[in-house]
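Beneath this line is the structure, given in structure tokens, with notes to follow.
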Amino acid sequence: MRTWSVAILMAAMSSVRAQDTAFYSTLKGRVASLSECDQYVVSGPDPEQPARQLQISRTKEGRPRWEKRTITEGRNDPVPDGIERTYDVHGTLRLEREFSKGTGVRVSSFWKDGQLRRLDHYAKDSLTSRSCFKPDGTPDTWYPLLTEPRFKGGMDSLYVYLRTNLRYPKKALRKDVVGKVNISFIVDRDGKIVEARVVRPVEPALDAEALRVVRAMPPWEPGKADDIPIPGRYTLPVVFSTGAGKDRAD
Numbered sequence: 000m001r002t003w004s005v006a007i008l009m010a011a012m013s014s015v016r017a018q019d020t021a022f023y024s025t026l027k028g029r030v031a032s033l034s035e036c037d038q039y040v041v042s043g044p045d046p047e048q049p050a051r052q053l054q055i056s057r058t059k060e061g062r063p064r065w066e067k068r069t070i071t072e073g074r075n076d077p078v079p080d081g082i083e084r085t086y087d088v089h090g091t092l093r094l095e096r097e098f099s100k101g102t103g104v105r106v107s108s109f110w111k112d113g114q115l116r117r118l119d120h121y122a123k124d125s126l127t128s129r130s131c132f133k134p135d136g137t138p139d140t141w142y143p144l145l146t147e148p149r150f151k152g153g154m155d156s157l158y159v160y161l162r163t164n165l166r167y168p169k170k171a172l173r174k175d176v177v178g179k180v181n182i183s184f185i186v187d188r189d190g191k192i193v194e195a196r197v198v199r200p201v202e203p204a205l206d207a208e209a210l211r212v213v214r215a216m217p218p219w220e221p222g223k224a225d226d227i228p229i230p231g232r233y234t235l236p237v238v239f240s241t242g243a244g245k246d247r248a249d
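Spelled out as structure tokens, the structure:
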């Protein structure tokens, strides 16, 4: 009996050592302890299939945030395998994605009460069946799980806006300064442009003009998750070419 008890204890200790807990603060990044964090991630072998790695993220209070399962099997980098789950701020399951060695095979989403909202199946990355449901469980018109923010009228209209409103700074034009300024911004739930910033600068005057014209854009169509508007980040390259800008110098 003593030998058996020691074996159980050693197995439990091995399981604890196999897991790793990382604590994170939204403001500070990775921190040292639970008392400093607002979320934490526990990583270790998946009990259902030890060859897989399981990561579970929880809030400081213990509410689930997400689960991810990955597998390596001779690959340089791990790929998704098994079920990923995403929970809302209340710890309610809202999304499941199922993978088989990196390839998606199923997506399910849920209403707040747990009722099935979406059931999509995939084979070789192609959508093979799709269904959406209303809160009462009756069939609904299918819509994509995720849609990206979009300038109203599409990319052609966006290019027209840029060509019409972009003004080449005179000093940069005289010096033949050219380049592509990348501007990152968030399209909020109402389609407004917020938190615009330069992420790939070229020259101060060009950077400032690119930022000005982006901040002045009319509202976009916001991104959506399960047909609900959500904030989405977008990076837009603004190209300055002296040949195209000589009649629009500022």
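Residue 229 in numbering that gives the first Met the number 0 sits at position 230 of the sequence shown; the count goes up by one each step and never skips.
Quick reminder that beta carbons are idealized off the backbone N, C-alpha and C, glycines included.
Keep in mind it's a predicted model, so treat the numbers as computed, not measured.
Residue 188 to residue 106 span [Cα, whole Å]: 24 angstroms
CB of residue 186 within 8 angstroms of CB of residue 222, strictly: With contacts defined by Cβ atoms closer than 8 angstroms, residue 186 and residue 222 form a contacting pair.
Does the stretch 188 to 200 come within contact of the stretch 107 to 125, defined as at least 3 CB pairs closer than 8 angstroms? no
Taking the DSSP output, what are the residues bridged to residue 130? 118
Anticipated Cβ contact below 8 angstroms, residue 80 with residue 99, distance rounded: 7 angstroms
Rank 37, 167 and 121 by C-alpha distance to the C-alpha of residue 26 and give the top, closest one. 37
Which residues in the same chain have their Cβ closer than 8 angstroms to the Cβ of residue 240, if we skip the five residues on either side of it in sequence? Residues of the same chain with a CB within less than 8 angstroms of the CB of residue 240, apart from the 5 flanking positions on each side, are 177 in chain order.
Determine the contact status of residue 132 and residue 124, defining contact as a CB-CB distance below 8 angstroms. no
Cβ-based neighbour list, residue 35, same chain, cut-off 8 angstroms, excluding 5 preceding and 5 following: Counting only Cβ-Cβ distances below 8 angstroms, and skipping sequence neighbours, we find 22, 24 and 27.
Please report the distance separating the alpha-carbon of residue 238 from that of residue 216. 16 angstroms
Can a CB atom of chain D be found closer than 8 angstroms to the CB of residue 155? The structure shown contains no chain D, having only a single protein chain.
Measuring CA to CA, which of 220, 102 and 95 is closest to residue 156? 220
Sorted by chain position, which residues of the same chain lie with C-beta nearer than 8 angstroms to residue 102's C-beta, five sequence neighbours on each side aside? 121, 123 and 124
Tell me whether the beta-carbon of residue 69 lies closer than 8 angstroms to the beta-carbon of residue 52. yes
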